[in-house]
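Asks: Before anything else, here's the structure in question.
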Amino acid sequence: MPGKTDEILKKIERSRVWRSIFRSGTGSSTLHHALAIQQSVFLHLFSTKVRKRMLSVSSTWYLGTLTLGTFIILIVTGVLLMLYYHPSVPQAYADMKDLQFVVSSGVFLRNLHRWSAQAMVFLVFAHMFKVFYRGAYRAPREFNWVIGVVLLLITLLLSYTGYLLPWDQLAYWAITVGSNISSAVPLVGSKIHFLLLGGNQVNANALLRFYVLHCLILPLVALLFIAVHFWRIRKDGGLYVHQSEPQKAEALDETELVKEAK
Amino acid sequence: MSDPKDFVAGVDSDQRRSPTRVVFVTRRTSAQVKSNYEEQVQTYPEVLFRVVLAIEILAIVLVAVALLFNAPLEGIADPTHTPNPAKAPWYFLGLQELLHYFPPVVAGVLVPTLLIVSLVIIPYFHINIEAAGLFLQHRRRRLQIFYILAIGLIAFLVAFHVYVAVVPSLIIAILMIIAANSSPQSHSASCRYLARKPMAWWVMTWFLFELIVLTAVGTFFRGPGWSWVLPWRS
Numbered sequence: 001m002p003g004k005t006d007e008i009l010k011k012i013e014r015s016r017v018w019r020s021i022f023r024s025g026t027g028s029s030t031l032h033h034a035l036a037i038q039q040s041v042f043l044h045l046f047s048t049k050v051r052k053r054m055l056s057v058s059s060t061w062y063l064g065t066l067t068l069g070t071f072i073i074l075i076v077t078g079v080l081l082m083l084y085y086h087p088s089v090p091q092a093y094a095d096m097k098d099l100q101f102v103v104s105s106g107v108f109l110r111n112l113h114r115w116s117a118q119a120m121v122f123l124v125f126a127h128m129f130k131v132f133y134r135g136a137y138r139a140p141r142e143f144n145w146v147i148g149v150v151l152l153l154i155t156l157l158l159s160y161t162g163y164l165l166p167w168d169q170l171a172y173w174a175i176t177v178g179s180n181i182s183s184a185v186p187l188v189g190s191k192i193h194f195l196l197l198g199g200n201q202v203n204a205n206a207l208l209r210f211y212v213l214h215c216l217i218l219p220l221v222a223l224l225f226i227a228v229h230f231w232r233i234r235k236d237g238g239l240y241v242h243q244s245e246p247q248k249a250e251a252l253d254e255t256e257l258v259k260e261a262k
Numbered sequence: 001m002s003d004p005k006d007f008v009a010g011v012d013s014d015q016r017r018s019p020t021r022v023v024f025v026t027r028r029t030s031a032q033v034k035s036n037y038e039e040q041v042q043t044y045p046e047v048l049f050r051v052v053l054a055i056e057i058l059a060i061v062l063v064a065v066a067l068l069f070n071a072p073l074e075g076i077a078d079p080t081h082t083p084n085p086a087k088a089p090w091y092f093l094g095l096q097e098l099l100h101y102f103p104p105v106v107a108g109v110l111v112p113t114l115l116i117v118s119l120v121i122i123p124y125f126h127i128n129i130e131a132a133g134l135f136l137q138h139r140r141r142r143l144q145i146f147y148i149l150a151i152g153l154i155a156f157l158v159a160f161h162v163y164v165a166v167v168p169s170l171i172i173a174i175l176m177i178i179a180a181n182s183s184p185q186s187h188s189a190s191c192r193y194l195a196r197k198p199m200a201w202w203v204m205t206w207f208l209f210e211l212i213v214l215t216a217v218g219t220f221f222r223g224p225g226w227s228w229v230l231p232w233r234s
């Protein structure tokens, strides 16, 4: 039976339709592996070959990868949550209760979304500090660091806008405290506050605005910047790896270098 | 001119692996080529496999957490009833802690703006690229500047009663003084470690330390009226 399945799979892979979709072919040669990356619109953001040292856990702790992981989980759980959610007052809160008592696995779905969001904020910060301490922000990777800072802000905004959606006391007052800060901006503070909330205080308009930001605008902007972030890794010469072993670097004194230079 | 030549030149001779490269190494950068050839692997399947594996482990951990711990859900939003204290999400509690000491325009607008600007410009300033230990060059002058800045900062924090932020600043300042009195030839390994740290490292470590302490205090040690409470007593 497995032999027959294999045969059928092979036949499909060799078929004209399959080949028209996946143009790289199915060989296991280096060329095929390279083509598998190059000829996919998503994977071609990455280079076809990477330095082996880059893959060690200690150099990156895979923090960027894990952040991407939380983002994927958040999209999947978020889309499913959208099926049960109405961004209106007081229906939003009733939907939370429905998730808790009516929807099967509703509690699990919301838990996973919530904890993944917290994990993403934490991982983004951890990723930033790890990149800094490795010195990976240096040229030619300066601009990718800046994109990273933008992604940090988008992540915080995503988490913050999502915070209001359950429409419970925790959400309402956290957003009230946060949005009041925007009124402190000199000259245009109250205008920004009004624009953000669609009113002078957190109400149904604010819920709708945060919903649109959280489910549509911010995820799209995030996706765009994530794509640029990955593309720039490739264009900036791959992930940064330390160029020398630290023990040997110690022996080479600063003054010696100067002497050598002369 | 005292410096007739500010660089060393070299040529990469291995033409089979790479086209000829001419390299000019200025005095400020370190010229170390440890290996000419880096072992490389294919992104597919080597990297993709690891990425998928890492994400799957993450998913398993998060699913386990989601099964064990419920997300908080309080009563329906009630504009007429303010909880005490009303707290922002945990990642903003460091700022909310500052809001307790400074007017909103400082803690809510000025500080975050300065933070974002300083994060963005990090790679564009040479001082952040330099890898030499802070006190290994111009020790006297740098130590003077350090003392003025450190005492000024701590006096400022004390003047506004921000004792929570004073503690991490003091610890970092003490570590910097240890670093200033150490060298890469020191006997203790931790002294050697500190002595080699550049300025960017010290500033970022101070920021990280303050971020953790302020966030932790805002999350765990603040109760009604933003008063000091002990989390294990409530």
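First to last, the protein sequences are chains A and B.
Count the first sequence with the numbering used here and you get residues 1 to 262, in order.
Count the second sequence with the numbering used here and you get residues 1 to 234, in order.
We put the beta carbon where it would ideally sit given N, CA and C, even for glycine.
CB V124 of chain A to CB T155 of chain A, shorter than 8 Å?
Replies: For this step, residue 124 of chain A is matched to residue 124 along the first sequence. For this step, residue 155 of chain A is matched to residue 155 along the first sequence. In contact: V124 of chain A and T155 of chain A (Cβ atoms closer than 8 Å).
Asks: Give the list of continuous alpha helix (DSSP H) stretches no shorter than 4 residues that lie fully inside the segment 38-120 of chain A.
Replies: Fully enclosed alpha helix (DSSP H) runs of 4 or longer: 57-60, 63-82, 91-101.
Asks: Would Q96 of chain B be called buried (16 or more neighbouring beta carbons within 10 Å of its own) or exposed?
Replies: Sequence index remark: in the second sequence, residue 96 of chain B carries index 96 (1-based). Buried: at least 16 other Cβ atoms inside 10 Å.
Asks: Buried or exposed: which applies to T26 of chain B, given that a residue is buried once 16 or more other Cβ atoms fall within 10 Å of its Cβ?
Replies: Within the second sequence, residue 26 of chain B is the residue found at index 26, counting from 1. T26 of chain B comes out exposed.
Asks: So, helix, strand or coil for R138 of chain A, using DSSP?
Replies: By one-based count along the first sequence, residue 138 of chain A stands at place 138. Note: R138 of chain A maps to coil in three-state DSSP.
Asks: Using alpha carbons as the reference points, say which of B:Y163, B:P103, B:S182, B:I121 lies closest to N180 of chain A.
Replies: What you label residue 180 of chain A is simply residue 180 of the first sequence in a count that begins at 1. Out of B:Y163, B:P103, B:S182, B:I121, B:P103 has the C-alpha closest to the C-alpha of N180 of chain A.
Asks: Taking only runs of the alpha helix (DSSP H) that begin and end inside the segment 107-191 of chain B, which ones reach a length of at least 4 residues, in chain order?
Replies: If we require 4 residues or more, the alpha helix (DSSP H) runs fully inside the segment 107-191 of chain B come out as 111-121, 126-129, 139-159, 163-180.
Asks: Give the C-beta separation of L53 of chain B and T70 of chain A to the nearest angstrom, bearing in mind that I take them to be a contact with Cβ-Cβ under 8 Å.
Replies: Against the second sequence, residue 53 of chain B aligns to sequence position 53. Against the first sequence, residue 70 of chain A aligns to sequence position 70. No, L53 of chain B and T70 of chain A are not in contact; Cβ-Cβ is about 16 Å, not under 8 Å.
Asks: Mind reading off the beta-carbon distance from L165 of chain A to Y211 of chain A? Whole number of angstroms is fine, and I expect it under 8 Å.
Replies: Reading the first sequence from its first residue, position 165 is the one you call residue 165 of chain A. Reading the first sequence from its first residue, position 211 is the one you call residue 211 of chain A. With 8 Å as the limit, L165 of chain A and Y211 of chain A qualify as a contact, their Cβ atoms being about 6 Å apart.
Asks: Going along the chain, which residues of the segment 62-74 of chain A sit with their C-beta nearer than 9 Å to a C-beta in chain E?
Replies: You won't find chain E in this structure, because its protein chains are A and B.
Asks: Taking just the CA atoms, how far does V17 of chain A sit from L31 of chain A?
Replies: Your numbering for residue 31 of chain A matches position 31 in the first sequence. Your numbering for residue 17 of chain A matches position 17 in the first sequence. Distance between the alpha carbons of L31 of chain A and V17 of chain A: 21 Å.
Asks: Taking the beta strand (DSSP E) that V41 of chain B belongs to, which residues open and close that run?
Replies: Mapped onto the second sequence, residue 41 of chain B falls at position 41. Per DSSP, V41 of chain B belongs to the beta strand (DSSP E) from 40-42.
Asks: Kindly list the residues whose CB is nearer than 6 Å to the CB of F24 of chain B, restricted to its own chain and excluding five residues on each side of it in sequence; keep chain order.
Replies: By 1-based counting over the second sequence, the position of residue 24 of chain B is 24. Same-chain partners within the cutoff: F7, A9.
Asks: Alpha carbon to alpha carbon, how far is F230 of chain A from W226 of chain B?
Replies: As a working mapping, residue 230 of chain A is identified with position 230 in the first sequence. As a working mapping, residue 226 of chain B is identified with position 226 in the second sequence. Looking at the two C-alpha atoms, the distance is approximately 42 Å.
Asks: With burial defined as no fewer than 16 other Cβ atoms inside 10 Å of the residue's Cβ, what is the status of R110 of chain A: buried or exposed?
Replies: Working through the first sequence from its first residue, we reach residue 110 of chain A at position 110. Buried, because 16 or more other Cβ atoms sit within 10 Å of the Cβ of R110 of chain A.
Asks: Since L62 of chain B meets chain A, which of its residues come closer than 7 Å, beta carbon to beta carbon?
Replies: Stepping through the second sequence from its first residue, residue 62 of chain B is reached at position 62. Per Cβ cutoff of 7 Å: I73, L112, W115, S116, A119.
Asks: Step through the CB atoms of chain A and report whether any lies within less than 8 Å of the CB of M1 of chain B.
Replies: Counting from 1 along the second sequence, the entry for residue 1 of chain B is found at position 1. Low confidence applies here, because M1 of chain B scores a pLDDT of 43, under 50, leaving its location unreliable; read the following figure in that light. Cβ-Cβ to chain A under 8 Å: no for M1 of chain B.
Asks: Identify the continuous alpha helix (DSSP H) that holds N180 of chain A and give its terminal residues.
Replies: Residue numbering aside, residue 180 of chain A sits at position 180 when the first sequence is read from its first letter. Run containing N180 of chain A: 169-182, per the alpha helix (DSSP H) assignment.
Asks: Have a look at the DSSP bridge pairing and note the partners of R263 of chain A.
Replies: No answer is possible for residue 263 of chain A: it lies beyond the span of chain A, which begins at 1 and ends at 262.
Asks: Checking the sheet assignment: what are the DSSP bridge partners for A9 of chain B?
Replies: Sequence index remark: in the second sequence, residue 9 of chain B carries index 9 (1-based). The partner list for A9 of chain B (beta bridge, DSSP) reads B:F24.
Asks: L175 of chain B to L194 of chain B, Cα distance in whole Å?
Replies: Working through the second sequence from its first residue, we reach residue 175 of chain B at position 175. Working through the second sequence from its first residue, we reach residue 194 of chain B at position 194. Between L175 of chain B and L194 of chain B, the C-alpha separation is close to 8 Å.
Asks: Where does the unbroken alpha helix (DSSP H) through T82 of chain B begin, and where does it stop?
Replies: To locate residue 82 of chain B, count along the second sequence from 1; it is residue 82. That residue, T82 of chain B, is in no alpha helix (DSSP H); it is neither H nor E in DSSP.
Asks: Our contact map puts L143 of chain B next to F129 of chain A with C-beta atoms below 8 Å; I'd like the distance itself, whole angstroms only.
Replies: Residue mapping note: residue 143 of chain B aligns to position 143 of the second sequence, counting from 1. Residue mapping note: residue 129 of chain A aligns to position 129 of the first sequence, counting from 1. Actually they are not in contact, since the Cβ atoms of L143 of chain B and F129 of chain A sit about 27 Å apart, beyond 8 Å.
Asks: Applying a beta-carbon distance threshold of less than 7 Å, which residues of chain A neighbour R50 of chain B?
Replies: Translated into the one-based positions of the second sequence, residue 50 of chain B becomes position 50. The answer, in chain order, is L55.
Asks: Between the Cα of Y84 of chain A and the Cα atoms of A:L68, A:V102, A:T67, which residue gives the shortest distance?
Replies: Position 84 of the first sequence holds residue 84 of chain A. Comparing Cα-Cα distances from Y84 of chain A to each of A:L68, A:V102, A:T67, the minimum goes to A:V102.
Asks: Cβ of P90 of chain A less than 8 Å from any chain B Cβ?
Replies: Your numbering for residue 90 of chain A matches position 90 in the first sequence. It does: the Cβ of P90 of chain A has a partner Cβ on chain B nearer than 8 Å.
Asks: Got a sec, what are the start and stop residues for the alpha helix (DSSP H) D6 of chain A sits in?
Replies: As a working mapping, residue 6 of chain A is identified with position 6 in the first sequence. Residues 2-14.
Asks: From V111 of chain B to S29 of chain A, what does the alpha carbon distance come to, in whole angstroms?
Replies: Here residue 111 of chain B corresponds to residue number 111 of the second sequence, with the count starting at 1. Here residue 29 of chain A corresponds to residue number 29 of the first sequence, with the count starting at 1. So the two alpha carbons sit approximately 54 Å from each other.
Asks: At which residues does the alpha helix (DSSP H) containing A88 of chain B begin and terminate?
Replies: For the purposes of this step, residue 88 of chain B is taken as the residue at position 88 of the second sequence. Per DSSP, A88 of chain B belongs to no alpha helix (DSSP H) and is neither H nor E.
Asks: Y160 of chain A versus chain B: which residues are under 8 Å apart at the beta carbon?
Replies: Here residue 160 of chain A is taken as the residue at index 160 of the first sequence, counted from 1. Going along chain B in sequence order, the residues near Y160 of chain A (Cβ under 8 Å) are P89, F92.
Asks: Based on Cα-Cα distance, which residue from B:N181, B:I151, B:F160, B:P184 lies nearest to L170 of chain B?
Replies: Looking up residue 170 of chain B in the second sequence gives position 170. Nearest option by C-alpha distance: B:I151.
Asks: Helix, strand or coil for R196 of chain B? Go by DSSP, reduced to three states.
Replies: What you label residue 196 of chain B is simply residue 196 of the second sequence in a count that begins at 1. Coil at R196 of chain B, not helix or strand.
Asks: Can you find at least 3 beta carbon pairs, one from the segment 130-150 of chain A and one from the segment 85-101 of chain A, that sit closer than 8 Å?
Replies: As far as the Cβ criterion goes, the segment 130-150 of chain A does not touch the segment 85-101 of chain A, which means the pair count is below three.
Asks: Count the other C-beta atoms from every protein chain shown that fall within 10 angstroms of the C-beta of P231 of chain B, then say buried if there are 16 or more, exposed otherwise.
Replies: The residue you call residue 231 of chain B lines up with position 231 of the second sequence. Answer is exposed; the Cβ neighbour count stays below 16.
Asks: Identify, in the order they occur along the chain, each residue of the same chain with its Cβ nearer than 7 Å to the Cβ of H86 of chain A, setting aside the five sequence neighbours on each side.
Replies: Along the first sequence, read from residue 1 onward, the residue named residue 86 of chain A stands at position 86. A92, D95, listed in sequence order.
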